[in-house]
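Numbering (our numbering), first residue to last: 468 to 740.
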DNA sequence: GCCACTGTTAGCAT
DNA sequence: CATGCTAACAGTGG
């Protein structure tokens, strides 16, 4: 469930805590979460310092000294937690890094095991198949580039928002919120949207994602930031998870439908087709 | 106990 | 260019 705002929150949170720490030990409890086929740089982290934390789409990039980067995708239920080494860890903790002179460690947890960690050379990060083909970052994409990017595309508007090769980082929750904010119907045909509508869409993307980052993301169930804290944006959701409740803008009952296999929430009055 | 559901994404057939 | 379906996995709720 971590989408762009959640991953951004984790990266900002952990950036402050991890920068400069030197890896003292690596514990791997469940090897398959490491995607490298052969023993890789990830097996040689001891002695390296963490020199950077970045986000690309929904992925976390941890840069280590010596030119190694860990690419981490949390998928639905992954967590990256900086916690006391003494705290008990459960069966869903698949990997942990201990640091020299620190009583805290960094743990990677993932109940459903969909997530992964991949070690690459820092210079090759953008070439990794997981990052290749990822669309631009929505929050640094200006309006004109956005419009150009959507030119010639077809299909349902919501499906388009979810496609990581078009725009990176938007997932199911924020797609619904962005559509509500822009007053557009999830099933609207992309190729038939007026320029005015596309501008509203672009602006809603900026607004919703930035606001969600300010509120440190949405915790429905599993999401936690780097210190184990819940987000606050779940209290500000306008449509997601509000099926049967009243629209905050017009009072109409929020409806839920299925769009490309994903649960989709919208206000039938504020979001006309 | 069984079944349907869940925030992600890749791979497949169409 | 697009769609829908399935699968990976574990937990939750009816």
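All C-beta atoms in this analysis are idealised placements derived from N, C-alpha and C, irrespective of residue type, glycine included.
Whole angstroms is fine: what's the gap from residue 598's alpha carbon to residue 527's?
-> Counting from 1 along the first chain, the entry for residue 598 is found at position 131. Counting from 1 along the first chain, the entry for residue 527 is found at position 60. Spanning the two alpha carbons is a distance of roughly 11 Å.
Whose C-beta lies closer than 8 Å to the C-beta of residue 662 among residues of the same chain, with five residues either side of it excluded?
-> Numbered from 1 along the first chain, position 195 holds the residue referred to as residue 662. Closer than 8 Å at the Cβ level, and outside the excluded window around residue 662, lie 614.
Quick one: what does DSSP say residue 479 is sitting in, helix, strand or coil?
-> Taking the first residue of the first chain as position 1, residue 479 is located at position 12. DSSP places residue 479 in helix when its eight states are reduced to three.
Skipping 5 residues on each side, what residues in its chain have a beta carbon closer than 7 Å to that of residue 735?
-> Taking the first residue of the first chain as position 1, residue 735 is located at position 268. Around residue 735: 719, 722.
Would you call the region 589–604 and the region 506–515 touching, i.e. three or more CB-CB distances under 8 Å?
-> no
Contiguous beta strand (DSSP E) assignments of at least 3 residues, all confined to the region 576–621 | 583–588
So, are the CB atoms of residue 675 and residue 710 less than 8 Å apart?
-> Against the first chain, residue 675 aligns to sequence position 208. Against the first chain, residue 710 aligns to sequence position 243. Their beta carbons are not under 8 Å apart, which means residue 675 does not touch residue 710 by this criterion.
Closest by C-alpha distance to residue 716, when choosing among 673, 693, 648 = If you number the first chain from 1, residue 716 lands on position 249. When only C-alpha atoms are compared, the closest one is 648.
Write down every uninterrupted run of the beta strand (DSSP E) in the region 501–536 whose length is 3 residues or greater and which is fully enclosed by it, in chain order.
-> 517–523, 526–531
For residue 476, does the count of other Cβ atoms within 10 angstroms reach 16, so buried, or fall short, so exposed?
-> As a position in the first chain, residue 476 is number 9, starting the count at 1. Under this definition residue 476 is a buried residue.
Residues near residue 493 in its chain [Cβ-Cβ closer than 7 Å; skip 5 each side] | Taking the first chain and counting its residues from 1, one reaches residue 493 at position 26. Hits under 7 Å: 512, 513, 564.
Strand pairing of residue 549, partner residues [DSSP] | As a working mapping, residue 549 is identified with position 82 in the first chain. Residue 549 is bridged to 573.
Nearest to residue 730 by alpha carbon, out of 693, 688, 604, 638?
-> By one-based count along the first chain, residue 730 stands at place 263. Taking only the C-alpha atoms, the option nearest residue 730 is 638.
Check residue 726 in the structure and name its three-state DSSP category.
-> In the first chain, residue 726 corresponds to position 259, counting from 1. Residue 726: strand per DSSP, three-state reduction.
Can at least three beta-carbon pairs, one atom from the region 554–561 and one from the region 529–541, be found at a separation below 8 Å?
-> no
Select from 507, 503, 495, 687 the residue whose C-alpha is nearest the C-alpha of residue 576.
-> Taking the first residue of the first chain as 1, we reach residue 576 at position 109. Of the listed residues, the one whose Cα sits closest to residue 576 is 495.
From which residue to which residue does the beta strand (DSSP E) around residue 554 run?
-> Locating residue 554 in the first chain gives position 87, counting from the first residue. Taken as a continuous stretch (DSSP letters only), residue 554 belongs to no beta strand (DSSP E), as it is neither H nor E.
In angstroms, rounded to a whole number, what distance separates the CA positions of residue 487 and residue 503?
-> For the purposes of this step, residue 487 is taken as residue 20 along the first chain, with counting starting at 1. For the purposes of this step, residue 503 is taken as residue 36 along the first chain, with counting starting at 1. Using only the alpha carbons, I get a separation of about 25 Å.
Assign residue 481 to one of two classes, buried (16 or more other C-beta atoms within 10 Å of its C-beta) or exposed (fewer than that).
-> Reading the first chain from its first residue, position 14 is the one you call residue 481. Burial call: buried.
Range covered by the beta strand (DSSP E) that runs through residue 705 = Residue numbering aside, residue 705 sits at position 238 when the first chain is read from its first letter. Counting along the chain, residue 705 falls outside any beta strand (DSSP E), and DSSP gives it neither H nor E.
Residues bridged to residue 493 (per DSSP) = Your numbering for residue 493 matches position 26 in the first chain. According to DSSP, residue 493 bridges with 564.
Which class does residue 443 belong to by DSSP, given the choice of helix, strand or coil?
-> There is simply no residue 443 to check, as the chain begins at 468 and stops at 740 in what is shown.
Cβ pair residue 622, residue 657 closer than 8 Å = Position 155 of the first chain, counted from the first residue, corresponds to residue 622. Position 190 of the first chain, counted from the first residue, corresponds to residue 657. Yes; because the gap between Cβ atoms is below 8 Å, this pair is in contact.
Take residue 671 as the anchor and find which of 608, 727, 708 has the nearest alpha-carbon.
-> By one-based count along the first chain, residue 671 stands at place 204. It is 608 whose Cα lies nearest to the Cα of residue 671.
Should residue 700 and residue 469 be called a contact, given that it needs their Cβ atoms to be closer than 8 Å?
-> Position 233 of the first chain, counted from the first residue, corresponds to residue 700. Position 2 of the first chain, counted from the first residue, corresponds to residue 469. No, Cβ-Cβ distance for residue 700 and residue 469 is not below 8 Å.
Opposite residue 623 in the DSSP bridges: which residues?
-> As a first step, residue 623 is located in the first chain; it is residue number 156 there, counting from the start. According to DSSP, residue 623 bridges with 656.
Report yes if the CB atom of residue 520 is closer than 8 Å to the CB atom of residue 548, and no otherwise.
-> For the purposes of this step, residue 520 is identified with residue 53 of the first chain, where counting begins at 1. For the purposes of this step, residue 548 is identified with residue 81 of the first chain, where counting begins at 1. Taking 8 Å as the Cβ cut-off, residue 520 and residue 548 do not qualify as a contacting pair.
Proximity winner among 703, 707, 684, 737, relative to residue 696 (alpha-carbon distances) | For the purposes of this step, residue 696 is taken as the residue at position 229 of the first chain. Cα-wise, what sits closest to residue 696 is 684.
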